[in-house]
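Residue 108 in the working numbering sits at position 71 of the sequence shown, with consecutive numbering throughout.
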Amino acid sequence: MEKKQLTSQSENALQTYFDQIKGIPLLSFEEELELSKRIQQGDDAARNRLIEANLRLVVKIARSYMTSDMPFMDIIQEGNLGLMHAAEKYDHKKQVRFSTYACWWIRQSITRSLTNKRRAIRLPHRKELLLKRIQRAYHSLSQTLMHKPTSNDLAIEIGIPVEEIEFILRMTSSLISLDMDAGTDESITVADLQEDFTYSPERAFMKKSSRLETIRFLNRLKDREKSILLDRYQLNGGERPTLKSIGDKMGISTETVRQIELRALKKMQPHAEELKTCMYLEAI
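Laid out in structure tokens, this is it:
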């Protein structure tokens, strides 16, 4: 009875919070830039306005991390800490929407907190290594696919049976959610009020730059870096290959392919302005 009462109280607190934030007006891009200028001048009221207008974004992102390891309201609060940090670092000169920039800090704050409070059980070393591979693949695919990958997506990417992935996640109560439909919880009505920003800045970079400009830049990279990005971002057309399939073709390991891809993406950062992109690449 006591447990049910606590659950009911938690649900009531959540709904009260959703009701409070859903009426806060959103900001236009121009308003975000103006608030950023004022924040850099030490205006606390501007900082609070920018934060409050994006509380719904935190709820939207937090839903992807719902887990038995931590109450949902605590996950939201951790995301809010990331939002506050993003508001302090946001630079209007970058000419990018605040939500695009803030989502990285929100996710980082949530995942760091969840990692600190993770499961008490200890996996065998081989399973621990596999879990880390699953987590890396999950975050990589969620960025490049621009939606949450399924267990089947992960299995194809890593090259292991889907049953093994699902078994590992069940064992560990992992941070990774394999639920493709983030909108199944009808009680959290406020989360659908703002767009989901799950893609990464580097993915938006590849999409927003014209193909000719992108190819021109890729010609500056080393041959393997260029080849991997052409394949991974489908600039040559066709289906998106897995890290493993690229590695097999090039005669290198999956991990080596991943490292080369990340290194090549980092090289984009200094050229973002030159290529007239609007994405802030600090999150790479």
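Built from N, CA and C at the ideal position, the CB exists for glycine as well.
Q) On the premise that Leu-267 lies in contact with Ala-301, defined as a C-beta separation below 8 Å, what is that separation, rounded to the nearest angstrom? A) Within the sequence shown, numbered from 1, the residue matching residue 301 stands at position 264. Within the sequence shown, numbered from 1, the residue matching residue 267 stands at position 230. Ala-301 to Leu-267, Cβ: 10 Å. No contact.
Q) Which residues bound the alpha helix (DSSP H) around Asn-117? A) Sequence index remark: in the sequence shown, residue 117 carries index 80 (1-based). Here the alpha helix (DSSP H) through Asn-117 covers 109-126.
Q. Apart from the five residues on each side of it in sequence, which residues of its chain come closer than 6 Å, Cβ to Cβ, to Asn-85?
A. By 1-based counting over the sequence shown, the position of residue 85 is 48. For Asn-85, where only same-chain residues beyond five positions count, there are no Cβ hits under 6 Å.
Q) Using the rule of at least 16 other Cβ atoms within 10 Å of the residue's Cβ for burial, across every protein chain shown, is Thr-53 buried or exposed? A) Counting from one through the sequence shown, the residue named residue 53 turns up at place 16. Around the C-beta of Thr-53, fewer than 16 other C-beta atoms lie within 10 Å, and the residue is accordingly described as exposed.
Q. Within the chosen definition, does the region 192-207 reach the region 279-294 through at least 3 CB pairs nearer than 8 Å?
A. With a cut-off of 8 Å, the region 279-294 and the region 192-207 count as touching, because enough Cβ pairs lie within range.
Q. Quick one: Cα of Gln-132 to Cα of Ser-264, how far?
A. On the sequence shown, position 95 is the one that residue 132 refers to. On the sequence shown, position 227 is the one that residue 264 refers to. Distance between the alpha carbons of Gln-132 and Ser-264: 30 Å.
Q) Which same chain residues, not among the five before or five after Glu-69, have their C-beta less than 6 Å away from its C-beta? A) Translated into the one-based positions of the sequence shown, residue 69 becomes position 32. The residues are Phe-135.
Q. Below 8 Å between beta carbons: does that hold for Ile-297 and Arg-261?
A. Sequence index remark: in the sequence shown, residue 297 carries index 260 (1-based). Sequence index remark: in the sequence shown, residue 261 carries index 224 (1-based). Yes, they are a contact pair.
Q.
Quick check on the burial criterion: 16 or more other C-beta atoms within 10 angstroms. Buried or exposed for Lys-389?
A. This structure gives no information on residue 389, because the portion of the chain shown stretches from 38 to 321.
Q.
For the alpha helix (DSSP H) containing Met-287, name the first residue and the last one.
A. By 1-based counting over the sequence shown, the position of residue 287 is 250. Start and end: 280-287.
Q: For Leu-215, I'd like the list of residues in its chain whose CB is within less than 7 Å of its CB, leaving aside the five on either flank, ordered along the chain.
A: Indexing the sequence shown from 1 puts residue 215 at position 178. With a pLDDT of 37 at Leu-215, under the threshold of 50, the modelled position of this residue cannot be trusted; read the value that follows with caution. The answer, listed in chain order, is Thr-187, Ser-188, Leu-206.
**Q.** 6 Å Cβ shell around Ile-143 - same chain, five flanking residues per side excluded
**A.** The residue given as residue 143 occupies position 106 in the sequence shown. Correct list, in chain order: Val-95, Ile-98, Gly-116, Gly-119, Leu-120.
Q.
If I measure Cβ to Cβ from Thr-293 and keep anything under 8 Å in the same chain, skipping five residues before and after, which residues do I get?
A. As a working note, residue 293 is residue 256 in the sequence shown. For Thr-293, where only same-chain residues beyond five positions count, the Cβ hits under 8 Å are Gly-284.
**Q.** Where Lys-259 falls: helix, strand or coil (DSSP)
**A.** As a first step, residue 259 must be located in the sequence shown, where it is residue number 222. Lys-259 falls in the coil class under three-state DSSP.
Q. Near Ala-50, what residues of its chain come up, given a Cβ to Cβ distance below 8 Å and the 5 sequence neighbours on each side ignored?
A. Taking the sequence shown and counting its residues from 1, the one referred to as residue 50 is at position 13. Here the set comprises Met-110.
Q.
I need the straight-line Cα distance from Ser-65 to Leu-87, nearest angstrom please.
A. For the purposes of this step, residue 65 is taken as residue 28 along the sequence shown, with counting starting at 1. For the purposes of this step, residue 87 is taken as residue 50 along the sequence shown, with counting starting at 1. Those two C-alpha atoms are separated by around 11 Å.
Q | Residues near Leu-178 by beta carbon distance below 8 Å, same chain, minus five either side | A | Start at 1 with the first residue of the sequence shown, and residue 178 comes out as number 141. Correct list, in chain order: Pro-186, Asp-190, Leu-191, Glu-194.
Q: Leaving aside the five residues before and after Gln-145 along the sequence, list all residues of the same chain whose C-beta is less than 7 Å from its C-beta, in chain order.
A: Locating residue 145 in the sequence shown gives position 108, counting from the first residue. Cβ within range, chain order: Gly-119.
Q) Taking C-beta to C-beta, are Arg-93 and Ala-83 nearer than 8 Å? A) Locating residue 93 in the sequence shown gives position 56, counting from the first residue. Locating residue 83 in the sequence shown gives position 46, counting from the first residue. No.
Q) Since Leu-70 is in the alpha helix (DSSP H), which residue starts that stretch and which ends it? A) Along the sequence shown, read from residue 1 onward, the residue named residue 70 stands at position 33. Residues 66-77.
Q | Ser-290 in three-state terms, based on DSSP | A | By one-based count along the sequence shown, residue 290 stands at place 253. Coil.
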